[in-house]
Amino acid sequence: MSIREVLQIGHPILAARAAEVDIGKIKTAEVQGWIDDMIDTMRHANGAGIAANQIGIPYRLFVIEVGDNPRYPYKPNIPLTVVINPEIRFLTDETFVSNEGCLSVPQMRGNVDRHVEIAVTYYDREGNKQAHEISGYSACTWQHEYDHLDGILFPHRVKDAQSFCSWQVFQDFQQQDYAKHVRQLVEVWGS
Ligand code: ZN
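If you're matching positions, the sequence shown starts at 189 in our numbering and goes up one per residue.
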């Protein structure tokens, strides 16, 4: 287990589509070691999630976990979830303006439209197939991490370039209103 360097926007591994994990290899020490390093690196950086290619592993898996997170104090909790070879389907057309940051995009945040009701299938770290419906704000986090596997970072999805801002400016001028916007969504969906 170790804390790894997080690759930064523009790195070729981050920009490429990641490859499927061989399901028969999920329980190997190699894949389990990747997962442990992803969890350690995410927690060390106070990330809400991290995709394998962010630490240089060009395969389709990510981890998500939100506890009491100083980077994202308005985010509802998500228990540690290991997601391998995910598929995401949008269940409705309803979207939410999600203000996002990324460990691979230092200093910058911006607004992205995310779907609020999604269905996900994936394999967990024991190799079991999982299928869940995810709604509300947590669905945004899933879509952000999934995008990484296709080489897409949140700035690629920002339509209003005026929404780009630094973390400090966000905290000083926008976080209070944004937390209200998130609470309204969470009240509807419970997550
Ligand atoms: Zn990210």
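We treat Cβ as the ideally placed atom computed from N, Cα and C, and that holds for glycine. If you're wondering where the values come from, they're calculated on a predicted model, not measured in any experiment.
Legend entry - Residues of its chain near asparagine 257, where Cβ-Cβ distance is below 7 Å and the 5 sequence neighbours each way are ignored: Asn234, Ala236, Lys263
Inset, instruction - Using only alpha-carbon positions, find the residue among Thr216, Pro200, Gln242 that is nearest to arginine 192. - result: Gln242
Legend entry - Start-end ranges of the alpha helix (DSSP H) lying completely within the stretch 342 to 376, minimum 4 residues: 342 to 345
Legend entry - Same chain only: Cβ atoms within 7 Å of isoleucine 201, ignoring 5 sequence neighbours per side: Leu195, Asn241, Gly244, Pro246
Legend entry - beta-carbon serine 414 near ligand 1 non-hydrogen atom, thresh 7 Å: In this structure the chain extends from 189 to 379, so residue 414 is not present and cannot be described.
Inset, instruction - With DSSP collapsed to three states, give me the class of histidine 232. - result: helix
Inset, instruction - Would you identify the three-state DSSP class for proline 246, choosing helix, strand or coil? - result: coil
Legend entry - Endpoints, alpha helix (DSSP H) assigned at leucine 337: 325 to 337
Inset, instruction - Note down the Cα distance separating isoleucine 276 from leucine 291, rounded to an integer number of angstroms. - result: 22 Å
Legend entry - Whole-number beta carbon distance between tryptophan 355 and arginine 302, since they are thought to touch under 8 Å: At roughly 20 Å, the Cβ-Cβ gap does not stay under 8 Å, so arginine 302 and tryptophan 355 are not in contact.
Inset, instruction - Would you kindly work out how many angstroms separate the C-alpha atoms of valine 304 and isoleucine 227, rounded to a whole number? - result: 25 Å
Legend entry - Pairwise C-alpha distance: histidine 336 and proline 294: 15 Å
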